[in-house]
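What follows is a set of notes on a single structure, which appears directly below.
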Amino acid sequence: MGGRKNSIEKRIVCLVAISFGEEIFDLVETRDWIDELKAVESDLDVRYRRGELAEAEFAFKEGKLQGLAKLVLDFLVDNPKSIFGRTLLVRVLLSEGRWEEVIQQVRTLSKHTKNISFDLKSTLYTSIENLLVEEGLNSIKINRAAGLLKKEELSDRRVVGLLAQSYFSVGEREQATNLLESYLNKKWDAELGRMYWNSQNNTKLQLRMVSKWKKKYDKFDSFHICFGNICISEKLWGKAKDHLFEAVRIRPSVDAFASLARVYELTGESEEANKFWKKAAKLFSDQHNQIELKKPDGLKQRYYQ
0 MGGRKNSIEK RIVCLVAISF GEEIFDLVET RDWIDELKAV ESDLDVRYRR
50 GELAEAEFAF KEGKLQGLAK LVLDFLVDNP KSIFGRTLLV RVLLSEGRWE
100 EVIQQVRTLS KHTKNISFDL KSTLYTSIEN LLVEEGLNSI KINRAAGLLK
150 KEELSDRRVV GLLAQSYFSV GEREQATNLL ESYLNKKWDA ELGRMYWNSQ
200 NNTKLQLRMV SKWKKKYDKF DSFHICFGNI CISEKLWGKA KDHLFEAVRI
250 RPSVDAFASL ARVYELTGES EEANKFWKKA AKLFSDQHNQ IELKKPDGLK
300 QRYYQ
C-alpha cells in the first residue's frame, strides 16, 4: 500500500516538473523527468499515461515527426476525451501537411471549445487554403475539398470566400457565383458582396438577384456599392449613381467614391470622374496614415483590373 502511495506522489512530482519544462530544466533534465514519469505510470498501470503525451510533445518540439501521429492516435484510442492529446495531434498533422485529417480532428475538438485555447477557426481555414493551393488544382479537387466539409462549415463566410476564389481561379465562374449567391441569400457580407460584383459572370441574372435582396439589405453601404457596380456593367448609369450616392450617404468609402468615378468616366464626364478619384485617393490616404495622393493612378488600376 505504501509503495503505491509513494508511486502516486512520485507521479505528481513528475507531472509538476514536466509542466514547468524548459522554464526550469534543460532538454536532458526534461527528458529524464519524462522517462521517470513513464516508468511510474507503467508501475501504476494507469489508463491515462501523461508520460506518453509528454514524450510525444518533446519529440514534436525537437522536430522528430516520424511515427509521431500514430503514437498520439494510439494514445487517443484509449483516451478519446483527452483535449491535450487531440490538440497535440492537430499540431503534428499541421506540421506534416495532412490537411484532411486536420479538418477531422478540428471538428472533434470544436465540441470542447470552452476548454481549449487552440484557434480552431484559423486551423480550419489554413487546412482548406492548403487543400486549395495544391498543384494542378481543378474543379474536381475543389469539389472534393468542399465535400469534406459539414453544412455548418460551408456556412462560414471565410470558407465560402476561399471556395469561391478557387472556383474563379480555375474558370468555374458559374459555380463560384452560385456559391456566393447561396450565402448572400441568407446574410449580407461586404467582402463576399465585393467578390460577387467583381465576378462579372452573368450580370443580367446578378441584377435580378440584387434587386431581390434590396429590401433586406438596403441599410448596408456595401450592398449599394455591389448593386451600383452591377448596374455599371449593365450600363444603367442613372441607377448606378443612385445606389452609389446612397452608399456614400450611409458611409463614405474608397469603394463608393472610386465606383462613382468609374461611372462618370464611362459616361464621358471626366471632370466629375476626377473629383471622385481625388476623394477616393484622399480617403485611402487618410485610412492608411499616408501622405495624400496627388494622382490616384494606383486606385484606378485597382478598379480596372
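Heads up: the sequence shown begins at 0 in the working numbering, then just goes up one per residue.
All residues carry an ideal CB built from backbone N, CA and C; glycine is no exception.
Small disclaimer: the values here were computed from a predicted structure and weren't measured.
Please report the distance separating the alpha-carbon of Leu292 from that of Leu88.
Low per-residue confidence applies at Leu292: pLDDT is 49, beneath 50, and the placement is therefore not dependable enough to give any value.
What would DSSP say about Gln286, mapped onto helix, strand or coil?
Correct three-state label for Gln286: helix.
Looking at the unbroken alpha helix (DSSP H) that takes in Ser138, where does it start and where does it end?
Its alpha helix (DSSP H) spans residues Ser138 to Gly146.
Using CA atoms only, rank isn't needed, just tell me which of Lys214, Leu179, Arg207 and Trp212 is closest to Asn197.
The residue with the shortest Cα to Cα distance from Asn197 is Leu179.
Per-residue DSSP class, three states only, for Asn197
DSSP, reduced to helix, strand and coil, places Asn197 within a helical segment of the structure shown.
Which class does Leu88 belong to by DSSP, given the choice of helix, strand or coil?
Looking at Leu88 - three-state DSSP - the assignment turns out to be helix.
Tell me which residues share the same chain as His242 and place their Cβ nearer than 7 Å to its Cβ, disregarding the 5 neighbours each side in the sequence.
Answer for His242: His223, Phe226, Gly227 and Cys230, listed in chain order.
Just to check my reading of the structure: Ile139 and Val158 have Cβ atoms closer than 8 Å, yes? What is that Cβ distance to the nearest angstrom?
Cβ atoms of Ile139 and Val158 stay farther apart than 8 Å, at about 19 Å.
With burial defined as no fewer than 16 other Cβ atoms inside 10 Å of the residue's Cβ, what is the status of Leu26: buried or exposed?
It is exposed - the Cβ of Leu26 has fewer than 16 other Cβ atoms within 10 Å.
Roughly how far, in whole angstroms, is the beta-carbon of Asp217 from the beta-carbon of Ser252, given that I think they are within contact range, below 8 Å?
Your pair Asp217 and Ser252 does not check out as a contact, with CB atoms roughly 17 Å apart and the cut at 8 Å.
Pairwise C-alpha distance: Lys110 and Ala58
Computed Cα separation, rounded: 27 Å.
Measuring straight from C-alpha to C-alpha, what distance separates Ser269 and Val209?
So the two alpha carbons sit approximately 28 Å from each other.
Within this structure, are the beta carbons of Glu233 and Lys203 separated by less than 9 Å?
In this structure, Lys203 lies closer than 9 Å to Glu233 by Cβ.
Between Ser165 and Leu119, which are expected to be in contact by the criterion C-beta below 8 Å, what is the C-beta distance as a whole number of angstroms?
Not really, about 22 Å apart at Cβ, beyond 8 Å.
Do the CB positions of Phe83 and Arg48 come within less than 9 Å of each other?
With a cutoff of 9 Å on beta-carbon distance, Phe83 and Arg48 are scored as not near each other.
Local conformation of Asp73 per DSSP, three classes:
Judged by DSSP in its simplified three-state form, Asp73 adopts helix.
Using only the alpha-carbon positions, how far apart do Trp276 and Glu173 sit?
Approximately 32 Å, taken between the alpha carbons.
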